[in-house]
Structures are given as structure tokens and as C-alpha cells.
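Step one of this worksheet: look at the structure below.
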Amino acid sequence: MRAAARPRNRTAEASRAAAECVERNTVLRHAGEHGIFVDASLYAHSGCFQNDCGMTDKFRAADLGVCGRACSELEECTHWSFGYQDGMTKCFLRKSDGGRETLMGSFSGGKACAPAPLPAAFVALATAESPGVRACDGGKTEKCRDVHAAVTTWRFAISFLKKAVEGRVDEGTWGTIEQIGRDSDNLLASITGEYRPSDADFDRVVFNNRLIFNSLRDWLDQFPKAELSTADATLPLPLRYGRLCGKQSCYEL
Numbered sequence: 002m003r004a005a006a007r008p009r010n011r012t013a014e015a016s017r018a019a020a021e022c023v024e025r026n027t028v029l030r031h032a033g034e035h036g037i038f039v040d041a042s043l044y045a046h047s048g049c050f051q052n053d054c055g056m057t058d059k060f061r062a063a064d065l066g067v068c069g070r071a072c073s074e075l076e077e078c079t080h081w082s083f084g085y086q087d088g089m090t091k092c093f094l095r096k097s098d099g100g101r102e103t104l105m106g107s108f109s110g111g112k113a114c115a116p117a118p119l120p121a122a123f124v125a126l127a128t129a130e131s132p133g134v135r136a137c138d139g140g141k142t143e144k145c146r147d148v149h150a151a152v153t154t155w156r157f158a159i160s161f162l163k164k165a166v167e168g169r170v171d172e173g174t175w176g177t178i179e180q181i182g183r184d185s186d187n188l189l190a191s192i193t194g195e196y197r198p199s200d201a202d203f204d205r206v207v208f209n210n211r212l213i214f215n216s217l218r219d220w221l222d223q224f225p226k227a228e229l230s231t232a233d234a235t236l237p238l239p240l241r242y243g244r245l246c247g248k249q250s251c252y253e254l
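Now the structure itself:
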């Protein structure tokens, strides 16, 4: 299974579809009622509402396709906008198009106006088997210096694993998946908190994560795959380059 992208262009069909559905020079404003405030931390690392990407209706993004992808993957989102604010380009997530205004240089679209969807099982497995994550299987070493980024990447993989398996596995397996998710969340919280976890804490969490993914590998691998490209700015870093996510998100270059 290919975890990292090859240098190739996106398909012409995908490019045409994206161009046709995007509304140019249009912004969808919050206007006090149209924004959704959600956990966008899978996509966001800065530019969020009150600097909290865990509860925000906007975030910094380099490409409008990231807005479409985020909206398509967030249940509450029905529309999105992309434009400049505070000296940077941002995505704005909406629950309607009621705040529509004309604004030169802005772009907007509905939930379906997004890059081709990435199958959850494919994202989960490709992320877990990406070179960056594999390099950290042995713990904190010269090949894996940033355990913070490694845990962020594992959390991303586990979030898509949950999407892929929910309602399809037995209660015991689901409980184990939820447990590795909690353990990864707790490890990340401790990394950024007053307590600093030991290398053994990281090794234990990574070992358990890998154990579960390995046990489900053949099952996950039977699901549809997606074509990847290093030129596709809408892809998370493990799929685009085969590298770890950033400390805050998987779109943090």
C-alpha cells in the first residue's frame, strides 16, 4: 500500500469540477448566526477564533481546497469561504449561505464543492504506515526527534480509523480503538501541560497504536484507495509527503 504521494498532477476531471462549483468574489459571512464553531484541529494550527482551533469557525489555510475538504468532512458544515483576514488566507466554515456578500478575491462553495473524498480506511492506514510515522515506531531516536508531531499524527490516523470502523466491528474492538484514542489524547495533553511524559510513555502509546493498526491492517486494506499527489495542497502531510504532521495539525507546513 502506498502511504506517500508520488510527484504527479491532479486529474483534469478533479480540477474542472473544483473550478466549476466555486463561487468567485463571494464571501459567506458569519453575520452573528451563520458560522459553525467546531473542533477544527485536524486541519487548523493558527488563525482560529480567539486562537482556539478546538472551537472555531475559521482557520489559516494555504489553499481553498482545504476549506472544501474540511467542510465535507465536518458534519455540521454546509458551506465554506476562503479569503484574506488579518494578513493571511483563511477558511471560514458555515451552516448556511445566508451571509452571502460580494467581496473581490474571496471564494465560496457548498459542502459538495470539495476535492474528491478520501476513504477513511485508506487515510487511517496510509497515515499509520507513512515513513514519518514508521520512523517513530522505535521511540524517540535520531530518526524520530519530534514526539509531539508524532502523537499529533497518530491522533489523526486514529480519528479516521474510528470513522472507518464505526458500526463494523465488535464492541471489544471498538472499545480498544477508543482506548488508544484516549491514550494518545492524554499523551498529547501531557506533552503540552506541566507534566512532561517520559520516553517510556511515548513508547507504550505508540506500541499499542501500532498493535491495533497491525491487527486491522488486512481488513482496512480491502477498502477503496485514493490517488495522491505532492502537488495537492488539500492533502494532509502524511498523505502528501509521507511525513509527520506538525505539532498542531496535519496541514502545518
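Numbering (my numbering), first residue to last: 2 to 254.
We treat Cβ as the ideally placed atom computed from N, Cα and C, and that holds for glycine.
Just so it is clear, the structure is predicted and the values come from calculations on it, not from any experiment.
DSSP-derived helix/strand/coil call for residue i
{"i": "K59", "result": "strand"}
{"i": "G199", "result": "In the sequence as displayed, the identity of residue 199 is Ser instead of Gly. DSSP places S199 in coil when its eight states are reduced to three."}
{"i": "T235", "result": "coil"}
{"i": "V170", "result": "coil"}
{"i": "S131", "result": "coil"}
{"i": "T193", "result": "coil"}
Inter-residue Cα distance where the pair is residue i and residue j
{"i": "T79", "j": "K96", "result": "5 Å"}
{"i": "T142", "j": "G182", "result": "23 Å"}
{"i": "V134", "j": "A165", "result": "20 Å"}
{"i": "C251", "j": "D219", "result": "25 Å"}
{"i": "W81", "j": "G66", "result": "10 Å"}
{"i": "L104", "j": "H31", "result": "14 Å"}
{"i": "N10", "j": "G173", "result": "The predicted model places N10 with a pLDDT of 40, which falls under 50 and marks its position as unreliable, so this point remains unresolved."}
{"i": "T57", "j": "I213", "result": "32 Å"}
{"i": "C22", "j": "V206", "result": "43 Å"}
{"i": "R241", "j": "E102", "result": "34 Å"}
{"i": "R156", "j": "S185", "result": "6 Å"}
{"i": "A45", "j": "M89", "result": "13 Å"}
{"i": "F108", "j": "Q51", "result": "23 Å"}
{"i": "I178", "j": "K163", "result": "7 Å"}
Residues bridged to residue i [DSSP beta-bridge criterion]
{"i": "C92", "result": "F60 and F83"}
{"i": "S109", "result": "E24 and S82"}
{"i": "T153", "result": "BP columns for T153 are empty, so no partner."}
Assigned exposure category for residue i - 16 Cβ within 10 Å defines buried
{"i": "Y85", "result": "exposed"}
{"i": "R70", "result": "buried"}
{"i": "P118", "result": "exposed"}
Cβ distance (whole Å) where residue i is taken to contact residue j below 8 Å
{"i": "F83", "j": "A62", "result": "7 Å"}
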